[in-house]
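First residue of the sequence shown? That's 81 in our numbering, and the numbers climb one at a time after it.
Every residue gets a Cβ at the ideal spot worked out from N, C-alpha and C, and that includes glycine.
Source: prediction; values computed, not measured.
Worksheet for the structure shown next.
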Amino acid sequence: MFVSCVLYATMLRKIQCLLTLFFLLTISEVWAAQNKISAAIPEGLFGYQEVQKKNLNLFPQWLSVLERHVLNMKGTDSCQSTNFNQCHLKQWLAFLKKIKHLPVSQQIKRVNKYANEKKYILDIENYGMVDYWATPKEFLINNGDCEDFAIIKMLSMKWLGYDVNAMRVVVVQDTNLRIAHAVMAIENNNDILILDNQIEEVISHADIFHYVPVYSVNENSWWMHVPN
């Protein structure tokens with residue numbers, strides 16, 4: 081029965097993701113046709129054109145995880161508590177402090193490796209819901225799925241002092257597996273690097289051909305990705 085429930089939840093999540101992807105891709109195509117942007121906007125992530133937007137209210141899960149993360153970092157619970165609290169974040173923060181002196185390129189690789197050591201677990205198993213965006217605090221104790229890996233990587237680089245405007249969480253369609261997926265993108269040395277829980281190494285977006293970007297988001301903006 082448990083396996084059946086998990087499979088059903090997984091199928092339901094895929095259906096919801098596909099519907100969202102279809103909706104966003106349709107909007108992108110219509111928007112591009114109406115505004116004739118093909119010659120006006122340079123290629124962005126994965127070779128797609130992109131349109132920057134400011135209304136983050138379209139992404140309540142993202143806003144929620146940012147707000148909860150701020151509260152998590154202010155926690156003052158005792159280390160004797162059995163609950164996961166501020167004290168339990170010390171291991172993560174100690175790791176970040178240890179690599180803070182390294183060149184950015186090395187920080188990126190270390191952050192990617194650190195996060196990817198966690199296990200991939202569906203939200204339905206962790207939180208009893210089809211889709212839940214976890215804070216680093218929640219991810220470190222519960223593990224998580226693709227967007228949770230991307231979130232902790234982005235917030236790790238932010239803690240290390242990297243410009244938040246040079247990073248994004250990117251929701252893509254994996255054309256090989258035919259599922260929705262999420263990765264972290266970071267600009268470095270005139271390139272866009274992808275930190276992916278499915279890929280061990282950090283690689284350039286130009287070397288990935290099976291991801292179709294749907295939307296990307298950071299703390300200040302979101303981007304619609306438009307087919308050429």
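Rounded C-alpha distance that separates residue i from residue j
i, j, result
"residue 309", "residue 186", "Past the boundaries of the shown model lies residue 309; the chain is included only from 81 to 308, so the question cannot be answered."
"residue 389", "residue 189", "Here the chain covers residues 81 to 308 and nothing more, so residue 389 does not appear."
"residue 275", "residue 300", "20 Å"
"residue 184", "residue 266", "11 Å"
"residue 290", "residue 204", "26 Å"
"residue 308", "residue 128", "6 Å"
"residue 154", "residue 207", "23 Å"
"residue 122", "residue 270", "Here residue 122 scores only 47 on pLDDT, less than 50, and its place in the model should not be relied on; the value that follows carries that caveat. Cα-Cα distance, rounded: 14 Å."
"residue 288", "residue 256", "11 Å"
"residue 139", "residue 283", "27 Å"
"residue 116", "residue 133", "Because the pLDDT of residue 116 is 43, which lies under 50, any placement of that residue in the model is unreliable, and the number read from its coordinates should be weighed accordingly. Distance between the alpha carbons of residue 116 and residue 133 is about 17 Å."
"residue 244", "residue 170", "23 Å"
"residue 180", "residue 211", "33 Å"
"residue 247", "residue 258", "25 Å"
Identified DSSP bridge partners for residue i
i, result
"residue 264", "249, 275"
"residue 305", "130"
"residue 293", "252"
"residue 212", "Beta-bridge pairing links residue 212 to no other residue."
"residue 288", "Answer is none; residue 288 lacks a bridge partner."
"residue 259", "254"
"residue 200", "224"
Proximal residues to residue i (C-beta, below 7 Å), its chain only, five neighbours per side dropped
i, result
"residue 175", "194"
"residue 209", "203"
"residue 295", "104, 251, 302, 303, 304, 305"
Limits of the unbroken beta strand (DSSP E) element including residue i
i, result
"residue 154", "Element bounds for residue 154: n/a, residue is neither H nor E."
Integer Cβ distance of residue i from residue j, believed to fall under 8 Å
i, j, result
"residue 253", "residue 297", "About 16 Å separates the two Cβ atoms, so there is no contact after all."
"residue 136", "residue 142", "7 Å"
"residue 215", "residue 149", "4 Å"
Neighbourhood of residue i by C-beta distance below 6 Å, restricted to the same chain and skipping five residues each side
i, result
"residue 131", "304"
"residue 229", "195, 277"
Unbroken alpha helix (DSSP H) run spanning residue i, endpoints
i, result
"residue 227", "226–239"
"residue 207", "203–207"
"residue 191", "184–196"
"residue 175", "170–179"
Neighbourhood of residue i by C-beta, 8 Å cutoff - its chain only, sequence neighbours within 5 removed
i, result
"residue 201", "222, 223, 224, 225"
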